[in-house]
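Participant:
4 protein chains.
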Amino acid sequence: MKKGFSLRTDLALETAECLAEGARGGIEVENEDFDDNIKVSTVKITDKQGKAQTGKAMGTYITLESPYMKENEVAKHEEIIRILSGKLSELLKIDRDSVILVVGLGNWNVTPDALGPKVVSRVLVTRHIASEVPEDIDENVRSVAAVSPGVMGITGIETGEIIMGIAEKIKPDAVIAIDALAARKASRINSTIQIADTGVCPGSGVGNRRMELSRKTLGVPVIAVGVPTVVDAATLVSDTLDTILEELIEQSTKSTALYQLLAGMTGDDKYDLICSILNPYENNLFVTPKEVDAVIDRLSGIIANALNIALHPGISKEDINKYM
Amino acid sequence: MKKGFSLRTDLALETAECLAEGARGGIEVENEDFDDNIKVSTVKITDKQGKAQTGKAMGTYITLESPYMKENEVAKHEEIIRILSGKLSELLKIDRDSVILVVGLGNWNVTPDALGPKVVSRVLVTRHIASEVPEDIDENVRSVAAVSPGVMGITGIETGEIIMGIAEKIKPDAVIAIDALAARKASRINSTIQIADTGVCPGSGVGNRRMELSRKTLGVPVIAVGVPTVVDAATLVSDTLDTILEELIEQSTKSTALYQLLAGMTGDDKYDLICSILNPYENNLFVTPKEVDAVIDRLSGIIANALNIALHPGISKEDINKYM
Amino acid sequence: MKKGFSLRTDLALETAECLAEGARGGIEVENEDFDDNIKVSTVKITDKQGKAQTGKAMGTYITLESPYMKENEVAKHEEIIRILSGKLSELLKIDRDSVILVVGLGNWNVTPDALGPKVVSRVLVTRHIASEVPEDIDENVRSVAAVSPGVMGITGIETGEIIMGIAEKIKPDAVIAIDALAARKASRINSTIQIADTGVCPGSGVGNRRMELSRKTLGVPVIAVGVPTVVDAATLVSDTLDTILEELIEQSTKSTALYQLLAGMTGDDKYDLICSILNPYENNLFVTPKEVDAVIDRLSGIIANALNIALHPGISKEDINKYM
Amino acid sequence: MKKGFSLRTDLALETAECLAEGARGGIEVENEDFDDNIKVSTVKITDKQGKAQTGKAMGTYITLESPYMKENEVAKHEEIIRILSGKLSELLKIDRDSVILVVGLGNWNVTPDALGPKVVSRVLVTRHIASEVPEDIDENVRSVAAVSPGVMGITGIETGEIIMGIAEKIKPDAVIAIDALAARKASRINSTIQIADTGVCPGSGVGNRRMELSRKTLGVPVIAVGVPTVVDAATLVSDTLDTILEELIEQSTKSTALYQLLAGMTGDDKYDLICSILNPYENNLFVTPKEVDAVIDRLSGIIANALNIALHPGISKEDINKYM
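Residue numbers (the working numbering), protein chains in the order written: chain A, 14 to 337; chain B, 14 to 337; chain C, 14 to 337; chain D, 14 to 337.
1. So with CB distances below 7 angstroms, who are the chain A contacts of R140/C?
2. Taking only beta-carbon atoms, is D192/C less than 8 angstroms away from chain D?
3. Which partner residues does K156/A have in the DSSP bridge list?
4. Would you verify that the beta carbon of K131/C is, or is not, closer than 8 angstroms to some beta carbon of chain D?
5. Which chain B residues are close to G178/D, counting only those with a beta carbon under 7 angstroms from its beta carbon?
6. Distance, Cα to Cα, G232/D vs L298/C?
7. Let me know the secondary structure DSSP gives L231/A once reduced to three states.
8. Expressed to the nearest angstrom, what Euclidean distance is found between the alpha-carbon atoms of S102/A and Q207/A?
9. Just grab the DSSP bridge partners of S54/A for me.
10. How many angstroms separate the CA atom of V300/B from the CA atom of A199/A?
11. Return the first residue and the last residue of the alpha helix (DSSP H) that D306/A is part of.
12. K303/C CB to nearest chain D CB: under 8 angstroms?
13. For the stretch 173-190 of chain B and the stretch 230-249 of chain B, state whether three or more C-beta atom pairs, one from each stretch, are separated by less than 8 angstroms.
14. Could you check if G163/A is buried or exposed, using at least 16 other CB atoms within 10 Å of its CB as the buried criterion?
15. DSSP state of L24/B, grouped into three classes?
16. Is V160/C closer than 8 angstroms to I51/A when the C-beta atoms are compared?
17. Ends of the alpha helix (DSSP H) at A180/A?
18. Please list, in chain order, the residues of the stretch 71-92 of chain D that have any C-beta partner in chain C closer than 8 angstroms.
19. Determine which residues share a DSSP beta bridge with P241/D and list them.
20. Which value, in whole angstroms, describes the spacing of the CA atoms of L114/B and A158/B?
21. In chain B, what lies closer than 9 angstroms to S157/D by C-beta?
22. What's the call for P326/A, buried or exposed, on a 16-neighbour Cβ count within 10 Å?
23. Out of curiosity, what's the CA-to-CA distance linking G63/A and R37/A?
24. If you measure from the beta carbon of E41/A to each beta carbon in chain C, is any gap under 8 angstroms?
25. Which residues in the same chain as I322/C place their Cβ atom closer than 6 angstroms to its Cβ, once the five residues preceding and following it in sequence are excluded?
26. Can you tell me where the alpha helix (DSSP H) with P302/C in it begins and where it stops?
27. At a Cβ cut of 9 angstroms, what residues of the stretch 304-326 of chain A count as close to chain B, listed as they run along the chain?
28. Buried or exposed, going by whether 16 or more other CB atoms sit within 10 Å of the CB of N203/B?
29. Along the chain, where does the beta strand (DSSP E) containing A209/C start, and where does it finish?
30. To which residues of the same chain is G39/D closer than 6 angstroms at the C-beta, ignoring the five residues directly before and after it?
31. Measuring alpha carbon to alpha carbon, tell me which of I328/D, V240/D, V305/D, R228/D ends up nearest L105/D.
32. What span of residues does the alpha helix (DSSP H) with G63/A cover, start to end?
33. In angstroms, rounded to a whole number, what distance separates the CA positions of D186/D and G173/A?
34. Buried or exposed, going by whether 16 or more other CB atoms sit within 10 Å of the CB of G166/B?
35. Would you check if the distance between the CB atom of G117/C and the CB atom of V138/C is smaller than 8 angstroms?
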């Protein structure tokens, strides 16, 4: 059964999983298992065919999955931070004297969309002191700036315009954009971190941010870091329906009028039908766990720590605490 | 098709709607339509049969529904406040010198569960000044106290124990308990206010509060005021499934093996199946609109204003602003 | 007794008040009294002499003072909003199709410094919808964008650089910068609004923002709107000391050794002495009223409403509520 | 020069410091110096004379002072937590099966008064699970409950009444009350923790809480834990004035009319004079450092951790993280 791309997911891994074996041309998937229930998958979209199949930009998408991310498990978080900072360093090809701009996308006032601004508030920012303590900085820390521009509904300005304006002033060598994403499976909410060297694609995320942040628009590499914090309610219902119906269809031995009916129903038809049931909220209704505030705090701590280690390799966590 | 009561709703109106015509003994439903898309329904559960059918305590449940509640429509809010304060006055049989304790149930730190504490923060509290300006107070305002005790996971104490302890000290003539509820239909989220003279039943609400606040436990009338701020994700999926399957069943002319299968599946079976798909969140996954923070603010303003008018009939809204 | 300019005030009115009669060349002061304890003063610094005497840029500074600003007096606030929006319209020489950029300076996380970001969060932003509903917008509202860039300690970037970068992208016809200020007199905290056509001068405000936002740096008029939300503790102590000592000196008939000692002490000596007593906080210790959170909320509401009326003259307050 | 007790300090140590040598009957002071700039002083008020001299209840007051408390110095915080939990264990004479009620006094919405509620939000609460996992709990953790009742202006109820009501229900063996205090010296703000076995005295603290929480009112030991988070502005000005005038008086050789004037001025006269200068805020104007939000967070973490270790001696910090 063909699935329409109207089902929302921002995870390249989920998109790849949905494709039939034969449809995976131009897509490479590789898995690593770490101790302790931490899993890393790398999806590479290598050509136009892969791009067409997935609807995602060509590039490398690394996904860390662990149920511990959303729990208060400090020791496991240390391990996740270690792995994540290593993967970030691989994607970020920067020099010792590079200037990095970290961008927190999303809206402070909407809890599941506040991941980006929360990470930014914990990033060790050094660009403004770089000129004052040069010899000290040169050895230990990179020049890092960080902004949370807000969303277009609040500023009246496309986020991409704001970032381009700032980038033209401070001329970073790389941009890292943090954003909350939408996943397809409830089990991935707040337990997955995706990093990619493709920039942030238009139309992604919990909100609606339309202008791409990428090497094409900013002229420098853009690393995207995202966590799925919600599942679109219609997507969740639709997928649940598929799972159940598939089971029923099997049991009804494919001989009934029902099978005919279902076989003739596309993903888009189903999604529309479900949206009409979710009316009047439609695309604005999200599934989220109750403890989302505390979990977003934990996740932003994990990502900020991994960034601090990847960006300032010469200094220890204790040093970072002192500078903050 | 029999439906199990495991599907979560705290609205007596939704429970009544789910019952077959023949099963409505001991249940009276009455509707009023106001201008401007504001609807009031009164459900009376009058005897043990009604209680058994609905799983709700005997008493009167008044439901206001309006899509304007969640919008920034100040003029419509004034109208809703007027109707709500009138209905509150009907249920609250209190004297001029009664002492009222307003209780905000729920958890400040979980947005959809913060309705109660937010209302409490806007209630005009007067008990502490009642003795200082007696003649002034006697004529214009009642003696009102208000607490937000927090949830058991934070305090280690059953909320009922805290309220009983406080009630024994201040001896209120009536208690008004505000709580966030769960609805069954997405369309009712944040657009429905239920008030009832039955107290707050155990096991209700977004959280898990087990000890009843009612005339039985507190010795005085307990008015419950609630707003459904979430739909349990499993309930939403299950209901959507029912709607779609019923349609399919009709079309498949009830002759297939599928029908047999579905007919043999109880509500509980279905709910469990869906929960296993929503794993690992299960009962902790809620459907909520994206703009929930702003909407809960609006709703708490509406309820607090209606309470202030119902409790202090002699003073104007401007006066209330001055006292706050 | 000559006073050093090390005493911190951002109010041109306070600076003018401190000057001896003879030293007011190049400075014009004009007062208007409105009903109800609302006072408006206009200080014009007209030439280089005025600039030298005051340490302030040449231009017009309008100060509204009213004790009602910090109280919950809705009716008085309406009056203040009316006067303030009128004065803003006078300073803002803009056309119907001008694009305006509102900038909220200061730090969200430090209550007395959060005025700017709080105002921005309540400004009616329209630039992003201007192209979609042109005929509707043209008649009723101007194109307004708004940003809260954060402070340099958080971003690593001079606020002026961020605003210049954004301004180059969206090319506003005027910029309005909102900021929390420091006053000299405790009685002015949260009861004074200063607007000026001079831009925001370096080194002003509660924080330390060094790069000027002005016609010189941005190429368009910059209107500054500020409220003193704190008094520097050392300034307060120093001024109190002066008041008391002056009285004592008079009584001691200027004949003592004490007089000699005091006469030989400059403002800077005294300020340094006091700072050493306030050690280890020194310049970081501020005097602020206890209820500062609620008061900043009220003040940001007053300023945002006045801006909304001044910027969108064709639409009513009810319309604004709908758009927000 | 006699000093009036109208000058506000809640620290027994500061009161003792102000007394002349000869006036210290009934007061014992003992100092311990720890490494790393951490100082512990113990003041014992042993009889009625000591009580009269200090205006403080008889009992033991232990004060920890360290400039590191307000800094982001994780390693020093570990040391402070270790010392503080030891001192708490000395004062708290409880058994393994004791029930402890932790009370967070103060107002969530006023940053310098939010210490108590913030500590409560981080205390490991176990009373509600004690009955479910008895054998596990018995060995490792005590039964702890925790409430933040709010302030009288918000509840309309004396905080003491609320705590008495709750205590009658849950029958704790000891109560620990956390509160923000006022200090006299700016240098002590946020760098001092006082613990006492005397309960919380009426009229203390940043707010106005009138009913005593003590063995007398609650029937069980009440340990008070407090941090000075503000200095009353009038007290600060008055003390600064004293310091400067004393120096001037010395130099003016006590022969002038000024000396006569000052000698005749009591502490109360001076305080009133200063309050009139601080008008219209008077007693409501506090001196507080700019970074107060972050510092209160750090202090509440230190106190909550020390409480968790003192109350649950059998479990590690990692375990505490898991339970939270």
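Glycine is no exception: its CB is placed at the ideal position from the N, C-alpha and C atoms.
In this text, all values refer to a predicted model and were calculated from it rather than measured experimentally.
Facilitator: Taking the coordinates as given:
1. G169, I170
2. no
3. Just to set this straight, residue 156/A is Ser in the shown sequence, not Lys. Note: S156/A sits in a beta bridge opposite V112/A.
4. no
5. G178, I179, E181, K182
6. 41 angstroms
7. helix
8. 14 angstroms
9. N44/A, T76/A
10. 12 angstroms
11. 305-324
12. yes
13. yes
14. buried
15. coil
16. no
17. 172-183
18. P80
19. L194/D
20. 5 angstroms
21. Residue 157/D is actually Val in this sequence, not Ser. Residues of chain B passing the Cβ test: G169.
22. exposed
23. 7 angstroms
24. no
25. S98
26. No alpha helix (DSSP H) holds P302/C; the beta strand (DSSP E) holding it covers 298-302.
27. E304, V305, D306, A307
28. buried
29. 205-209
30. T59, D60, Q62, G63
31. R228/D
32. 61-67
33. 60 angstroms
34. exposed
35. no
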